[in-house]
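**Student:** Numbering follows my numbering, with no gaps: position 402 of the first sequence is 398.
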Amino acid sequence: MSLPDRYDFSTTEPEIYRAWIEAGVFEARAGRSERVGGEREPYTIVMPPPNVTAVLHVGHGLNNTVQDVIIRWARMAGTEALWVPGTDHAGIATQNVVEKLIAGEGMTRFDLGRDAFVRRTESFVTETGGVILQQLRAIGASADWRRTAYTLSPELSRAVREAFVRLYERGLVYRGHRVIHWCPRCLTSLSDEEAEFQEETGALYHIAYPVEGQGGRSLVVATTRPETMLGDVAVAVNPDDERYRDLVGKSVRLPVVNRDIPVIADSYADPAFGTGVVKITPAHDANDFEVGRRHSLAMPVIIDEHGVVREVIDAEGRVPKELTGLDRFAAREKIVEMLRASGALQKVETHRHSVRHCYRCDTVVEPRLSDQWFVKMEPLARPALQAVRDGGIRILPERWEAVYVNWLTNIRDWNISRQLWWGHRVPVWYCDECDPPQNIIVSRDDVDVCPHCGCPARQDEDVLDTWFSSWLWPISTLGWPDEKSPELAAFYPTDTLVTAPEILFFWVARMIMAGYEFMGRAPFHSVYLHGTARDTQHRKMSKSLGNGIDPLDVIALYGADALRWTLIAGMGMGTDVILDPNDIDKSFATGRNFATKLWNIGRFLLDRVGSEAIRSVASIDASSLTAADEWILSRLDEAITDCDRALGPLQPTQPHDSPDGRVWRDNERYAGLRLNEYAEAARRFVWNELADWYLESLKARLDTPGDDREVARAVLVHAFDSALRLLHPIVPFVTESLWQRLPGRGTGEFLARAAWPSRRSDSTSRGAADFELVREAVLAVRQIRADNNVPPGKAVDVHIRPAASDATARGVFEREGGTLGRLARATVSVVNGAAVTAAAHAVITGGTEIIVPLAGLIDVEAECAKLRTEAAELEKQITSRRGRLENPKYVERAPAQVVANDRAILEEMVQKREQLVEKVRALCGG
RNA sequence: GGGCGAAUAGCUCAGUUGGUUAGAGCACCUGCCUUACACGCAGGGGGUCGGGGGUUCGAGUCCCUCUUCGCCCACCA
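Here it is in structure tokens:
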């Protein structure tokens, strides 16, 4: 069978994907898991659910390629491999998209009303959602699509309610009256993680507050937000601050508002910052709120939910008419003007500081006093912390473990209510007739009437943070809260979680907490944090910067395999991938070239090997194998070892007395999942060893019918088959396509579920060593040819003079002369002591000389000059190495092995020097 | 402010507990369309491993310090 010249990925990839789906290759069955009596170890990955409205970008491509490589490897390694796909309803993000949509129609969500808006969003999601999952098929994602989950589905909504109610019953969900981060554009609260800092240049305003009854003395406060002074209820100084000690308990006059407020002592005031005096605005600053609570101060609210300054709560008489109704930033300018006019503004300094912004719309966050639901985190964090300390969970790369531990040790409670319409409604109902605590009903089922008085109950208006559904993902997608779910029994705990470090806290840490809280054990044993795709200026690829690369473009141009190979091979553990969006061709050349190379190896092989049955390598008597055969088989064993080492064990194996039962061994914990090292090991084998050497060495054998041809066919097909298996997880399409065409392959067989290769149990390597000698000789001849510009078409004579001390070399070259000649374009003869004049020499292992007569081919004088330089260089190295070996301390203390090795190298150098001297004498006559 | 990490070839990065003459891909140079592959083959140039100091027989690897860059956290009024 012969193949087309070019690999046509654009038709091949979809065909192969369809065949995989039709054969159910990606489908995992609970019944086969050994946890429920089956015979296979399960291996599970849950896909970080992309936003339901997302379209594929290179970040998704990266994330899902990594997952696919791991799950395909696990599948081939014989596990019951399950990859659970799905999408996230993405509360704020999706609501923003739909709000923008209806804004185009001149409407706000309030015009539509809640029910209509939610219906509108639902239909939007139904129509346009899930595109990304379709796109993931194009990159080859081997997920079990029958199990596609959605965080807002009825099943997952049930899990969300169950989790909320259980936590409430345990006292871990509570209602708090707090200052929280508020986005005046999205009109919702945000968690600490959602309110992101951005470094900005602002101003620090120094404002004088006159001290009551102290004739002209005033306290100067420094603030970046003068508009909030309308809500000031005190000024605070540090109790140890000598400058102000006498003023504690006195009053100061609040400018603009013109009312008296007390001077209080609180350690929150930092004597070293600004003037050491801080104004206290409890309703508009989280720290001030705490101070206010400690001192039982009033908490007037002077900025409303839209960020507009007015008298909102307990603020009568605080906001002057000219400021009322102004946006907070306009009010700031105005109030600064007023302060300046009145002389209260003493100075304005520029000030670098970080300001929190909404992570979705970038609006400056406004701290706001309101009632919110919180999750008490400290009890949840404890087992999550312990797991990483014990080694039940590893985080790769290692350095993120420190970050994780640091965050969990200082964890703060989680604000889970959002004033949005799109999401899981908080499962809490209120009765307006009953008195607390009866007026709050937390329920798994909808509540119509108050169970105490029968009055109509109204549900909490808020929805839950999107992450409150995401944190249940590993359990909810497997059927929780149905604890009898066979999927949960078969596949929980899952194995590896693959994501970006940005959501380590948002998501990963919380999933771990949920795993322990609701299932009693960790949701996975490995967290793989990969890097970010960036452009050549190291900027994150993003839609807004316009520096992104569309994975589908790359697939259209070069195929999914090219995309996947480039990403995996180019990404060290935890490092970013740098790609040039302006030169896709160059960026993905590695992957494209590699896929083509594989295709061409396959083309050669199928053309020369034919389709007749082949023998199994195991059935071939060792004596029938040539040196090249033994060499490539031993190289294959090495490649398998290297790949296995780079990938590491699938799961932790050390028994441990902890909820998870097993922990990572120290030597394995951070060693695995080196995907780039695995890729490199496999590439080296198939390209630099199989193609460059083995293939070239056996062309003649394949063209000569007979027993040896059968041996060569068998070994070649075996080696290539194994290479395809090793490479399949990274480049699944081209490998599958070639593998199915190999001789003897039955229909319905898929590489995607073929067995991962393993080393031969008995490996003899004498032939392998012989071939290494031939390789060395070939390299030496090529070097001589290149150095002397001998045209490639021109065959040269090669005389090989084996060193007297090396008895085997003569035999090897007498046997393998043909191979050597073919690979080096040379006619080979093995000679004795006879001198050959006007020749270039090289010396290889054991002192064997490679001699190529250059009569008429070279400039003798230039060659001699070169040789003399080489000799001088060598002399220097010899001196330095001999010096080291003469150092008694080195010889005494260095390991014997090292010293012996060093001696051997020195000896080799000395020998080489002798050869050089002789060569110079022969060639230059000196 | 606290913590973490990085700095190795023009670019992106490997370099396992200190131990052969520091590697790969891409880029570059030279020669080749040698019937599997020019998306290729053969050969080559290029690194005082960020600066300085120290430990050691021996340092890219360990310690200190400085410089530059990046990340995480934080009550930066």
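All C-beta atoms, glycine included, are put in the ideal place defined by N, C-alpha and C.
Would you report the Cα separation of T40 and A505, rounded to the nearest angstrom?
**Tutor:** 18 Å
**Student:** Output the distance between the C-alpha atoms of A624 and Y674, rounded to the nearest integer angstrom.
**Tutor:** 24 Å
**Student:** What residues in its chain sit with their C-beta under 6 Å from that of D662, if we drop five residues either side in the sequence?
**Tutor:** Correct list: empty, nothing qualifies.
**Student:** Rounded to whole angstroms, what is the Cα-Cα separation between S825 and R679?
**Tutor:** 35 Å
**Student:** Which value, in whole angstroms, describes the spacing of the CA atoms of R530 and K536?
**Tutor:** 4 Å
**Student:** Contact defined as beta carbons within less than 8 Å: I believe Y666 pairs with L404. What is the distance between those atoms, to the nearest angstrom?
**Tutor:** Contact between Y666 and L404 is absent: CB atoms are separated by about 20 Å, not below the 8 Å threshold.
**Student:** For a test of the three-state rule: what should DSSP assign to E9, helix, strand or coil?
**Tutor:** helix
**Student:** Starting from the C-beta of W467, find all residues in its chain whose C-beta is less than 6 Å away, skip the five residues before and the five after it, and write them out in chain order.
**Tutor:** R506, M507, A510
**Student:** Report yes or no: do three or more beta-carbon pairs, one from the segment 107 to 120 and one from the segment 69 to 82, lie closer than 8 Å?
**Tutor:** no
**Student:** Please check the pair R818 and A696, which I expect to be a contact at CB under 8 Å, by giving their CB distance rounded to whole angstroms.
**Tutor:** 7 Å
**Student:** Note down the Cα distance separating V161 from P423, rounded to an integer number of angstroms.
**Tutor:** A direct Cα-to-Cα measurement between V161 and P423 gives close to 8 Å.
**Student:** Quick check on S481: does DSSP put it in helix, strand or coil?
**Tutor:** coil
**Student:** Do you know offhand how far D442's Cα is from L643's?
**Tutor:** 49 Å
**Student:** With a CB to CB cut of under 7 Å and the five nearest residues on each side skipped, what residues in its chain are close to T7?
**Tutor:** none
**Student:** For the segment 58 to 128, which segments carrying the beta strand (DSSP E) assignment without a break, of at least 3 residues, lie completely within its bounds, in sequence order?
**Tutor:** 76 to 80
**Student:** Between the segment 798 to 810 and the segment 719 to 733, do three or more beta carbon pairs fall short of 8 Å?
**Tutor:** no
**Student:** Would you grab the beta carbon distance between Y205 and L243 for me? Rounded to a whole angstrom, and I think it's under 8 Å.
**Tutor:** So it is not a contact: roughly 11 Å between Cβ atoms.
**Student:** Report yes if the CB atom of A677 is closer than 8 Å to the CB atom of C639, and no otherwise.
**Tutor:** When the beta-carbon positions are compared, A677 and C639 come within less than 8 Å of each other.
**Student:** Could you name the residues that DSSP lists as bridge partners for N47?
**Tutor:** D84
**Student:** In its own chain, which residues sit with a C-beta less than 8 Å from the C-beta of E810, not counting the 5 before and 5 after it?
**Tutor:** V826
**Student:** CA-CA distance, Y554 and R14?
**Tutor:** 19 Å
**Student:** Can you round the beta-carbon distance between V42 and T473 to whole angstroms, since I take them to be within the 8 Å contact cut?
**Tutor:** 6 Å
**Student:** For the beta strand (DSSP E) containing Y690, name the first residue and the last one.
**Tutor:** Looking at the DSSP string, Y690 is not in any beta strand (DSSP E), and its letter there is neither H nor E.
**Student:** Closest by CA to W178, which one among V361, D310, R68?
**Tutor:** V361
**Student:** Using CA atoms only, rank isn't needed, just tell me which of A890, E479, P701, R737 is closest to E158.
**Tutor:** Residue nearest to E158 within the set A890, E479, P701, R737 is E479 (criterion: CA-CA distance).
**Student:** Is the distance from the Cβ of R864 to the Cβ of M905 below 8 Å?
**Tutor:** No, the pair does not count as a contact, with Cβ atoms beyond the cut-off.
**Student:** Name the DSSP beta bridge partners of E362, please?
**Tutor:** W178
**Student:** Measuring alpha carbon to alpha carbon, tell me which of L541, R781, L747 ends up nearest A851.
**Tutor:** R781
**Student:** Whole-angstrom Cβ separation of L58 and V573, contact assumed at under 8 Å?
**Tutor:** 7 Å
**Student:** Using CA atoms only, rank isn't needed, just tell me which of Q342, L186, N234, L416 is closest to R352.
**Tutor:** L186
**Student:** Quick one, are the C-beta atoms of I545 and I580 less than 8 Å apart?
**Tutor:** Yes. Within cutoff.
**Student:** Along the chain, which unbroken stretches of the alpha helix (DSSP H) at least 4 residues long are found entirely within the segment 711 to 755?
**Tutor:** Runs of the alpha helix (DSSP H) inside the segment 711 to 755: 728 to 735.
**Student:** Which first and last residues belong to the beta strand (DSSP E) in which V550 is found?
**Tutor:** Looking at the DSSP string, V550 is not in any beta strand (DSSP E); the run it does join, the alpha helix (DSSP H), is 547 to 554.
**Student:** What did DSSP end up calling S615 once you bin it into helix, strand or coil?
**Tutor:** helix
**Student:** For A715, I'd like the list of residues in its chain whose CB is within less than 6 Å of its CB, leaving aside the five on either flank, ordered along the chain.
**Tutor:** The beta carbon of A715 sits closer than 6 Å to the beta carbons of I628, L632, L686 from its chain, once the five residues preceding and following it are set aside; these are given in chain order.
**Student:** Per the DSSP calculation, P651 is bridged to which residue(s)?
**Tutor:** R658
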